[in-house]
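Asker: Would you mind keeping the following structure in view while I ask a few things?
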Amino acid sequence: MIGRLQGVVIDKQAPDLLVDVQGVGYEVLVSLSTFFAVPDKGETVILHTHFVVREDVQQLYGFAQLAERTMFRHLIKVNGVGPKMALAILSGMSASEFAICVHNNDVGTLVKLPGVGKKTAERLVIEMRDRVGDIDGEVTSGGAVTPKPDLTQEAESALIALGYKPQDAAKMVSRAAGDDISSAEQLIRAALKSMVSK
C-alpha cells in the first residue's frame with residue numbers, strides 16, 4: 464500500500480496530478496482542496512495517499528492534509544459511496560464543513576453536491592455521525608463580475624471532471640464570478656461554495 468508520496472509536480476490539471484518520485488511518475492487524483500494547496504509545476508509536494516485496487520482499476524488518491532484523507536476513508540465505508548463520490552464531496556466542501564453538515568443533519572446542503580441524492584445524503588448523515596469529530600466550519604463568499612474567458616473555461620472543465628453537468632458547471636461559474644477572482648482555482652472554489660451555501 465502507498466501511504467505517502469514526496470516528489471516533484473510534473474503536471475497539474477484538476478483533479479489530476481502527475482508526481483515524479485525519483486524517476487517514477489505517479490498519477491494521483493486529488494480533491495480541489497488539495498489541488499489548491501499543491502505548489503506549481505517543478506516544485507516539491509508531499510501527499511498523504513490512499514490506494515484503491517479493484518478488478519478493473521488501480522487508482523491513487525492524494526490529500527494535502529491527513530485529516531482530509533481520514534475523512535475520505537470514512538466516506539468510502541458508507542454504503543453507496545465510492546472513491547469518486549467521496550472525492551467530489553471533499554471537493555465541494557472541506558472536511559470541517561462536511562462534519563458540520565453531519566452534526567446539523569443538513570441533508571439539504573449535501574444533496575447540492577454532484578452525485579449525492581436525498582437517500583445518499585440521509586445515509587451520510589446517519590452513518591457518519593459517529594465518525595466525525597467536533598470541527599469548526601469555514602465561511603467564504605463570492606462576488607458578481609465576469610472573469611477572463613480562459614479562467615472560466617478551466618473552472619468549468621474542473622467542475623465537469625468532478626461530476627457536474629456542463630450546463631450546471633457554466634451556471635455555477637457565472638454565479639461565482641467576482642472582482643476578487645484572479646485565478647481558476649479561486650473561481651472553482653467560489654463556484655463550489657456558492658453551490659453549497661445556496
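Those letters in the sequence shown? Residues 464 to 661, by my numbering. Yeah, the Cβ is synthetic: ideal placement off N, Cα and C, and Gly gets one too.
#1: Between the stretch 535–548 and the stretch 571–586, do three or more beta carbon pairs fall short of 8 Å?
#2: Let me check one thing: in DSSP terms, what residues is residue 470 bridge-paired to?
#3: Indicate the three-state DSSP secondary structure (helix, strand or coil) for residue 522 in the structure shown.
#4: Assuming contact is defined by CB atoms lying nearer than 7 Å, are residue 480 and residue 555 in contact in what I supplied?
#5: Once the 5 residues before and after residue 632 are set aside, which same chain residues still bring their CB inside 7 Å of it?
#6: Would residue 525 pass as a contact of residue 533 if the rule is Cβ separation under 7 Å?
#7: DSSP three-state call for residue 488: helix, strand or coil?
#8: Could you compute how far the alpha carbon of residue 484 sits from the alpha carbon of residue 473?
Answerer: On the basis of the data shown:
#1: These segments touch.
#2: The partner list for residue 470 (beta bridge, DSSP) reads 508.
#3: Three-state DSSP puts residue 522 in a strand.
#4: Going by C-beta atoms, residue 480 is not nearer than 7 Å to residue 555.
#5: Closer than 7 Å at the Cβ level, and outside the excluded window around residue 632, lie 619, 622, 623.
#6: Going by C-beta atoms, residue 525 is not nearer than 7 Å to residue 533.
#7: Strand, per DSSP.
#8: Those two C-alpha atoms are separated by around 10 Å.
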